[in-house]
Amino acid sequence: MKSVWLMYHDVYREEPLQGIPRSASMYHVSEKIFKQHLSVIIASGRKVITITEFLKGNFEDSVVLTFDDGWRGSFEIAMPLLQKFGLKATFFITKDFVGRKGFCDRENILRAVSAGMEIGLHGTTHRMLASCSREEILWEFYTCKQFLESLLGQKIDSASLPGGDLNRIIIACAKEAGLKSLCASRPGINKIGTSLFNLKRVAIRESTSASEVQRYCNYNINKELIRWALFQVPYLLMGKKNYAYLRRWLLGERRGEGDILFKP
Ligand SMILES: [Zn+2]
12 MKSVWLMYHD VYREEPLQGI PRSASMYHVS EKIFKQHLSV IIASGRKVIT
62 ITEFLKGNFE DSVVLTFDDG WRGSFEIAMP LLQKFGLKAT FFITKDFVGR
112 KGFCDRENIL RAVSAGMEIG LHGTTHRMLA SCSREEILWE FYTCKQFLES
162 LLGQKIDSAS LPGGDLNRII IACAKEAGLK SLCASRPGIN KIGTSLFNLK
212 RVAIRESTSA SEVQRYCNYN INKELIRWAL FQVPYLLMGK KNYAYLRRWL
262 LGERRGEGDI LFKP
């Protein structure tokens, strides 16, 4: 059994949201592109399953669709398309983004659950957890978890990590907070035996073509694995903070740009 998990963020109709840092908006896709992605996923014949189904041990070759941060377009543009094709996805919510411009509100989350979508948590403030203390990591998990559980009246036990940060302390804190699974942002194919606290996902960018998604559905992600490995070199050499500055500079981002809407 193989399962490729796709990591989406926002889906927009005409123009991407303005005022978003490039490091975030490069992961936002248009409705037109998203429709093309869904067409090749459906044509691939792979079953689209939910995280819950995967955790229960659905042994078919499959695709899992996820959306990070709680962008409004993922609920209001992507979700109706998913429903049209009878597909389910998981939406990972950052508590402090709920109700902000460009992000979902409580109603969006409630409607998603009524439509059979799954909800997971994506931190309280969207801080990168690797630079947090143990207490801060626990607070990030607990506060978002409690917010979603009291809103939905159901247990929330899956999470994805802001910036994909993952280490042994984060995993220990996730388990202590009662989580059953953790999604990273590292590319890979999930299968029997994959750690449920290091589930791999392939990031979808604005430039991701339908043929690339088709390739992902065939479980060929060699290009993404090489790309990921190459990006680890400056990251490891420079340290996370300096790497983030370099990346912002390479992307032509000014310091503080888009901070009002989205603080990565
Ligand atoms: Zn995020």
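Read in order, the letters of the sequence shown are residues 12 to 275 in the working numbering. C-beta: ideal position from N, C-alpha, C; glycine also.
query	result
Heavy atoms of ligand 1 versus C-beta positions, residues under 5 Å	D79, D80 and P173
For K112 and F65, the rounded distance between their alpha carbons	33 Å
As assigned by DSSP and simplified to three states, the class of F337	With the chain covering only 12 through 275, there is no way to say anything about residue 337.
DSSP-derived helix/strand/coil call for V22	strand
In chain order, each alpha helix (DSSP H) run of at least 4 residues that lies wholly inside the region 126-195	145-163 and 179-187
I104: first and last residue of the uninterrupted beta strand (DSSP E) it sits in	T101 to I104
Backbone CA spacing between G30 and G131 [nearest angstrom]	26 Å
Host alpha helix (DSSP H) of R197 (start-end)	That residue, R197, is in no alpha helix (DSSP H); it is neither H nor E in DSSP.
C-alpha gap between G199 and A188, whole angstroms	26 Å
Distance, L248 Cα to G127 Cα	44 Å
Between the CA atoms of H20 and G84 - distance to the nearest angstrom	9 Å
Extent of the continuous alpha helix (DSSP H) to which F96 belongs	That residue, F96, is in no alpha helix (DSSP H); it is neither H nor E in DSSP.
Three-state secondary structure assigned by DSSP to V40	strand
L236 (DSSP reduced to helix, strand or coil)	helix
Sub-8 Å separation of S14 and N201 beta-carbons	yes
Candidates T136, L159, L93 and L140: closest to E118 by CA position	L159
Through-space distance from I62 to G68, alpha-carbon basis	10 Å
Proximal residues to E268 (C-beta, below 6 Å), its chain only, five neighbours per side dropped	Bear in mind that a pLDDT of 45 at E268, under 50, signals an unreliable position, so the model cannot answer this.
Cβ shell of T101 (< 6 Å), same chain only, five flanking positions each side left out	I62, T77, E129 and G131
Anticipated Cβ contact below 8 Å, S277 with L190, distance rounded	Because residue 277 is not part of the residues shown, which for the chain are 12 to 275, the question remains open.
Same chain only: Cβ atoms within 8 Å of M12, ignoring 5 sequence neighbours per side	N69, F70, E71, D72, S73, K202 and I203
Distance between beta carbons of L210 and C194, contact taken as under 8 Å	5 Å
When L162, S161, R212 and S125 are compared against G175, the one with the closest alpha-carbon	R212
Straight-line gap, L272 to M37 (C-alpha atoms, nearest Å)	Its pLDDT being 44, under 50, L272 is placed unreliably in this model, and the value from its coordinates should be taken loosely. Each residue's Cα considered, the two are about 15 Å apart.
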